[in-house]
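Asker:
Chains as they are written, first to last, in the UniProt record's numbering: chain A, 1 to 745; chain B, 1 to 150.
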């Protein structure tokens with residue numbers, strides 16, 4: 001995701017107290033074994049950050065090594081299934097010389113110390129965590145190792161040069177003596193952090209854990225119900241809350257017709273009016289939910305000065321698509337090379353087609369929740385799922401008027417995210433939880449029911465894209481033009497188009513590598529009525545479908561095989577040629593079909609590529625038609641992220657991205673009628689079940705180029721590969737998603 | 001009313017129609033069983049009742065009085081459940097993990113009744129939703145467990 005940095009810039013100006021004492025105290029939830037708690041002079045910590053280029057050097061802010069040698073690492077990044085906590089343990093452990101299996105990784109609190117990404121941000125998104133922090137987190141481990149060596153030298157009374165390490169131990173080979181990290185940590189983590197310039201990183205040829213299929217640290221806890229998510233957190237004296245949102249965003253509470261009756265319902269503590277919602281606080285969440293659903297609310301239409309994006313009463317997602325298709329401009333160019341107009345005017349063969357996609361929901365399995373507690377000292381503590389702790393804390397400070405230093409934010413494991421847990425005005429439960437905790441004077445945990453979540457989730461954008469292309473005498477693409485009528489998620493969140501185009505609107509139409517001499521990619525900005533957000537692989541999730549499916553149309557029109565055409569258009573691009581050949585080989589050699597499989601089904605294959613988030617992916621899909629529905633038998637995917645940290649996690653991420661890619665291709669769609677979502681639960685918003693999952697075959701290609709992302713890049717090429725296979729098999733062009741809207745014989 | 005959960009007796013004060021899920025989570029503090037949809041659509045709330053998999057989000061608590069309820073917290077006390085957990089770890093099934101309590105319960109129930117399920121039987125039984133797309137790992141893990149029994 002090439003998100004404009006401005007959107008994610010969170011105020012980080014307030015000083016962060018990173019003394020050891022604070023570090024330990026700030027995470028005192030659950031059963032935390034504290035090995036030691038020496039306060040660390042904060043002046044020393046600040047000294048280490050005097051140079052802003054030296055990010056990720058405040059070793060004591062990140063690491064605690066316990067007497068038993070286990071290593072507790074506070075990760076700048078959230079774990080939501082993508083395996084980043086395991087990756088962080090591999091990266092830090094490699095240089096620290098500590099087995100990743102000895103690590104306990106938790107999400108770090110907000111604070112400048114944890115802003116470790118090379119782009120100056122700290123978010124968990126854009127498939128950025130590992131690739132943007134890799135050298136910094138390696139150096140962090142190496143700095144800690146140097147401190148342990150220094151402490152070992154003092155304790156053993158030998159020159160540091162005589163010491164080495166083996167996993168978890170400082171070793172003095174000459175005397176045969178050694179000390180475990182746990183024995184040295186008290187002394188070591190109180191030492192000055194060495195000058196990063198003095199640190200030498202391990203030669204990659206000597207890696208023991210980076211690049212290896214290290215087991216996930218959370219596999220057992222997540223298989224036995226021990227893993228804790230925000231929704232599971234409990235504090236003393238806590239009350240539960242449920243809300244009923246206005247049926248359309250922007251509407252406000254007029255009156256409650258039966259407040260007294262609801263207040264008398266069993267277990268109800270109190271009834272509350274909130275902006276655009278009503279809430280019930282109760283001793284049990286079930287009582288709160290039942291009571292709030294019983295509330296009869298007179299909702300008022302949004303006021304003219306409403307600060308939220310008010311949903312019109314007549315909004316229909318199908319009609320909105322027609323509206324987008326009718327937009328004539330003006331369009332702003334993102335890419336414009338050669339002479340597209342001239343090429344089109346003189347072309348022997350022209351191809352035109354209009355594509356569109358659908359709104360989709362995040363539909364992560366964990367419904368949003370937030371637990372808020374005001375402490376007697378005036379501080380506020382909040383537990384909530386989030387992908388950007390500094391932004392969330394800044395927003396809480398703004399809403400409450402509290403100094404950010406008085407707000408403690410806890411970031412438990414995420415029960416899926418896919419872009420759901422960024423800061424979206426009106427789509428996060430914490431403002432309500434904070435208001436309720438304040439109103440009742442007790443801690444309140446608010447859970448949004450699945451129905452309330454579907455009502456307030458932000459949507460992946462829709463676009464209508466008009467393509468025009470010219471083919472030369474050989475049937476090869478000479479010019480391509482794509483004009484997309486759409487609103488990107490970043491500009492939607494900002495509420496207006498910026499001076500520059502929103503890259504998340506066009507990524508995947510823009511940035512393609514095919515050698516087509518004349519091209520124009522442009523956007524007609526259309527501000528829509530729906531709240532939009534980031535959805536796994538963001539703009540690429542729709543735009544690569546459009547482009548790669550249209551490219552197959554050009555291949556067919558020009559009489560070329562789509563795989564061969566891509567190879568031809570990439571003939572001067574060694575990296576992508578290698579990748580495309582790799583997926584061809586992985587699938588047993590490219591064959592388009594149709595052919596009859598062993599089980600008697602008629603099958604065909606499609607190919608597509610995408611280059612999102614610093615990585616590149618190529619997909620071959622094999623499909624048949626079964627009972628009028630598309631069945632995807634196999635997905636072969638080759639992915640080149642430059643270099644890698646954990647091949648097993650990459651394979652799992654490719655599987656996950658394929659599942660979400662198939663889900664949006666085959667059956668997912670958020671439909672709005674009369675300003676309301678038709679689906680409020682999984683019954684009417686089906687997501688991919690096991691029975692429709694394809695077999696997935698993964699080939700990791702390490703080109704050695706700059707490290708790219710992994711969580712999102714495998715997704716965008718799935719839809720067009722499937723669509724291209726279906727088009728070839730059925731003869732029916734697939735110019736929209738999902739395929740459940742089509743009828744196949 | 002009295003419930004037997006994980007071989008322990010609990011005295012519970014709840015309305016008869018309260019879903020078992022919320023009694024387990026909020027009254028008893030057993031949070032390994034998850035709320036996902038409240039409509040028996042996703043399976044995150046799956047528990048065993050007398051060895052059969054049940055969606056606790058739509059199961060009135062009064063209906064399970066006197067029956068043996070097993071939640072994820074005690075799944076390793078069950079021979080089959082213990083093997084399922086080991087296979088889940090071996091195959092590194094979990095991603096976000098939120099649905100996996102329910103998946104482990106569903107797999108345990110399947111293997112209790114059908115020790116060596118076919119692919120079609122696995123597909124028919126393992127209908128819990130997973131947004132992270134761990135389906136292939138689940139399928140492989142269950143196949144492995146089935147092989148152990150053949």
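For every residue, glycine included, the Cβ atom is placed at its ideal position computed from N, Cα and C.
(1) By the 10 Å Cβ neighbour count, where 16 or more other Cβ atoms means buried, how is residue 36 of chain B classified, buried or exposed?
(2) Output needed in chain order: residues of the segment 50 to 84 of chain B with a Cβ under 9 Å from some Cβ in chain A.
(3) Please list the terminal residues of the continuous beta strand (DSSP E) segment that includes residue 636 of chain A.
(4) Rounded to whole angstroms, what's the CA-CA distance from residue 669 of chain A to residue 460 of chain A? Just pull it up for me.
(5) Cα separation between residue 19 of chain B and residue 13 of chain B?
(6) Run through chain B and tell me which residues come within less than 8 Å of residue 216 of chain A, C-beta to C-beta.
(7) Would you say residue 646 of chain A faces chain B, with C-beta separation under 8 Å as the test?
(8) So the alpha helix (DSSP H) residue 760 of chain A belongs to, where does it begin and stop?
(9) Taking the alpha carbon of residue 402 of chain A as the reference point, which residue from A/418, A/388, A/380 and A/386 has its own alpha carbon closest?
(10) Of the residues that make up the segment 231 to 265 of chain A, which ones have a beta carbon closer than 9 Å to any beta carbon in chain B?
(11) Opposite residue 273 of chain A in the DSSP bridges: which residues?
(12) So, does the CB of residue 61 of chain A fall closer than 8 Å to a CB anywhere in chain B?
(13) Could you tell me which residues DSSP pairs with residue 622 of chain A in its beta bridges?
(14) Tell me which residues of the segment 124 to 141 of chain B have at least one Cβ-Cβ distance to chain A shorter than 9 Å, keeping chain order.
(15) Starting from the C-beta of residue 356 of chain A, find all residues in its chain whose C-beta is less than 6 Å away, skip the five residues before and the five after it, and write them out in chain order.
(16) Would a C-beta distance cut-off of 8 Å place residue 145 of chain A and residue 201 of chain A closer than the cut-off?
(17) So, does the CB of residue 37 of chain B fall closer than 8 Å to a CB anywhere in chain A?
(18) For the alpha helix (DSSP H) that residue 541 of chain A lies in, which residues bound it at each end?
(19) Let me make sure I understand the geometry here. Which of B/95, B/136 and B/84 has the alpha-carbon closest to that of residue 695 of chain A?
(20) Indicate the three-state DSSP secondary structure (helix, strand or coil) for residue 195 of chain A in the structure shown.
(21) Between residue 15 of chain B and chain A, is there a C-beta pair that is closer than 8 Å?
(22) Within 8 Å (strictly less), CB to CB, does residue 521 of chain A reach chain B?
(23) Taking 8 Å as the CB-CB cut-off, is residue 45 of chain B touching chain A?
(24) Scan the segment 342 to 368 of chain A for residues whose Cβ lies nearer than 7 Å to a Cβ of chain B and list them as they occur along the chain.
(25) What number of angstroms, rounded off, separates the C-alpha of residue 570 of chain A from the C-alpha of residue 600 of chain A?
(26) Do you know offhand how far residue 271 of chain A's Cα is from residue 278 of chain A's?
(27) Cα-Cα, which of B/107, B/33 and B/17 is closest to residue 64 of chain B?
(28) Which residues, taken in chain order from the segment 410 to 437 of chain A, show a beta carbon closer than 9 Å to some beta carbon of chain B?
(29) Do you know offhand how far residue 26 of chain A's Cα is from residue 86 of chain B's?
(30) Taking just the CA atoms, how far does residue 508 of chain A sit from residue 125 of chain B?
(31) Quick check: what's the CA-CA separation for residue 179 of chain A versus residue 161 of chain A?
(32) Can you confirm whether residue 319 of chain A, when its beta carbon is compared against all beta carbons of chain B, has any partner nearer than 8 Å?
(33) Check residue 724 of chain A in the structure and name its three-state DSSP category.
(34) Classify residue 455 of chain A as helix, strand or coil using the three-state DSSP reduction.
(35) Below 8 Å between beta carbons: does that hold for residue 515 of chain A and residue 572 of chain A?
(36) Return the CA-CA distance between residue 58 of chain A and residue 466 of chain A, expressed in angstroms with no decimal places.
Answerer: Let's see:
(1) Mapped onto the second chain, residue 36 of chain B falls at position 36. By the 10 Å Cβ count, residue 36 of chain B comes out buried.
(2) 71, 72, 73, 75, 76 and 84
(3) What you label residue 636 of chain A is simply residue 636 of the first chain in a count that begins at 1. Its beta strand (DSSP E) spans residues 629 to 640.
(4) Counting from 1 along the first chain, the entry for residue 669 of chain A is found at position 669. Counting from 1 along the first chain, the entry for residue 460 of chain A is found at position 460. Cα-Cα distance, rounded: 10 Å.
(5) Residue mapping note: residue 19 of chain B aligns to position 19 of the second chain, counting from 1. Residue mapping note: residue 13 of chain B aligns to position 13 of the second chain, counting from 1. Cα to Cα, residue 19 of chain B sits roughly 13 Å from residue 13 of chain B.
(6) Position 216 of the first chain, counting from 1, holds the residue named residue 216 of chain A. 92 and 94, listed in chain order.
(7) Stepping through the first chain from its first residue, residue 646 of chain A is reached at position 646. By this cut-off, residue 646 of chain A is not an interface position.
(8) Residue 760 of chain A lies beyond the range of chain A shown here (1 to 745); nothing can be said about it.
(9) Along the first chain, read from residue 1 onward, the residue named residue 402 of chain A stands at position 402. The shortest C-alpha separation from residue 402 of chain A is found at A/380.
(10) 231, 232, 233, 234 and 240
(11) For the purposes of this step, residue 273 of chain A is taken as the residue at position 273 of the first chain. A/278, per the DSSP bridge assignment.
(12) Locating residue 61 of chain A in the first chain gives position 61, where the first residue counts as 1. No, because no Cβ of chain B sits closer than 8 Å to the Cβ of residue 61 of chain A.
(13) For the purposes of this step, residue 622 of chain A is taken as the residue at position 622 of the first chain. For residue 622 of chain A, which the question treats as bridged, DSSP gives the partners A/605 and A/634.
(14) 124, 126, 127, 128, 129, 130, 131, 132, 133, 134, 135, 136, 137, 138 and 139
(15) Working through the first chain from its first residue, we reach residue 356 of chain A at position 356. Counting only Cβ-Cβ distances below 6 Å, and skipping sequence neighbours, we find 321, 464 and 736.
(16) Translated into positions along the first chain, residue 145 of chain A becomes position 145. Translated into positions along the first chain, residue 201 of chain A becomes position 201. Not closer than 8 Å, so no.
(17) Position 37 of the second chain, counted from the first residue, corresponds to residue 37 of chain B. Residue 37 of chain B counts as touching chain A.
(18) On the first chain, position 541 is the one that residue 541 of chain A refers to. First-last of the alpha helix (DSSP H) with residue 541 of chain A: 540 to 558.
(19) Your numbering for residue 695 of chain A matches position 695 in the first chain. Nearest of B/95, B/136 and B/84 to residue 695 of chain A, Cα basis: B/136.
(20) Mapped onto the first chain, residue 195 of chain A falls at position 195. Reduced to three states, the DSSP call for residue 195 of chain A is coil.
(21) Here the question's residue 15 of chain B lines up with position 15 in the second chain. So yes, residue 15 of chain B belongs to the interface.
(22) Here the question's residue 521 of chain A lines up with position 521 in the first chain. It does not: the Cβ of residue 521 of chain A has no partner Cβ on chain B nearer than 8 Å.
(23) As a first step, residue 45 of chain B is located in the second chain; it is residue number 45 there, counting from the start. Not closer than 8 Å to any Cβ of chain A, the Cβ of residue 45 of chain B fails to qualify, so no.
(24) 363, 364, 365, 366 and 367
(25) For the purposes of this step, residue 570 of chain A is taken as residue 570 along the first chain, with counting starting at 1. For the purposes of this step, residue 600 of chain A is taken as residue 600 along the first chain, with counting starting at 1. Distance between the alpha carbons of residue 570 of chain A and residue 600 of chain A: 36 Å.
(26) Counting from 1 along the first chain, the entry for residue 271 of chain A is found at position 271. Counting from 1 along the first chain, the entry for residue 278 of chain A is found at position 278. Those two C-alpha atoms are separated by around 7 Å.
(27) Walking along the second chain from the start, residue 64 of chain B turns up at place 64. Out of B/107, B/33 and B/17, B/17 has the C-alpha closest to the C-alpha of residue 64 of chain B.
(28) 413, 414, 415, 416, 417 and 418
(29) Stepping through the first chain from its first residue, residue 26 of chain A is reached at position 26. Stepping through the second chain from its first residue, residue 86 of chain B is reached at position 86. At residue 26 of chain A, the pLDDT of 35 sits below 50, so the modelled position is not reliable and the matter cannot be decided from this model.
(30) Here residue 125 of chain B corresponds to residue number 125 of the second chain, with the count starting at 1. Here residue 508 of chain A corresponds to residue number 508 of the first chain, with the count starting at 1. The straight-line gap from Cα to Cα measures roughly 38 Å.
(31) Along the first chain, one-based indexing puts residue 179 of chain A at 179. Along the first chain, one-based indexing puts residue 161 of chain A at 161. For residue 179 of chain A and residue 161 of chain A, the distance between alpha carbons rounds to 16 Å.
(32) In the first chain, counting from the first residue as 1, residue 319 of chain A sits at position 319. Not closer than 8 Å to any Cβ of chain B, the Cβ of residue 319 of chain A fails to qualify, so no.
(33) By one-based count along the first chain, residue 724 of chain A stands at place 724. The answer is helix: DSSP assigns residue 724 of chain A an H, G or I state.
(34) Indexing the first chain from 1 puts residue 455 of chain A at position 455. Three-state DSSP puts residue 455 of chain A in a helix.
(35) Position 515 of the first chain, counted from the start, is the residue given in the question as residue 515 of chain A. Position 572 of the first chain, counted from the start, is the residue given in the question as residue 572 of chain A. Against a cut-off of 8 Å, the Cβ pair of residue 572 of chain A and residue 515 of chain A comes out as a contact.
(36) As a working mapping, residue 58 of chain A is identified with position 58 in the first chain. As a working mapping, residue 466 of chain A is identified with position 466 in the first chain. Computed Cα separation, rounded: 51 Å.
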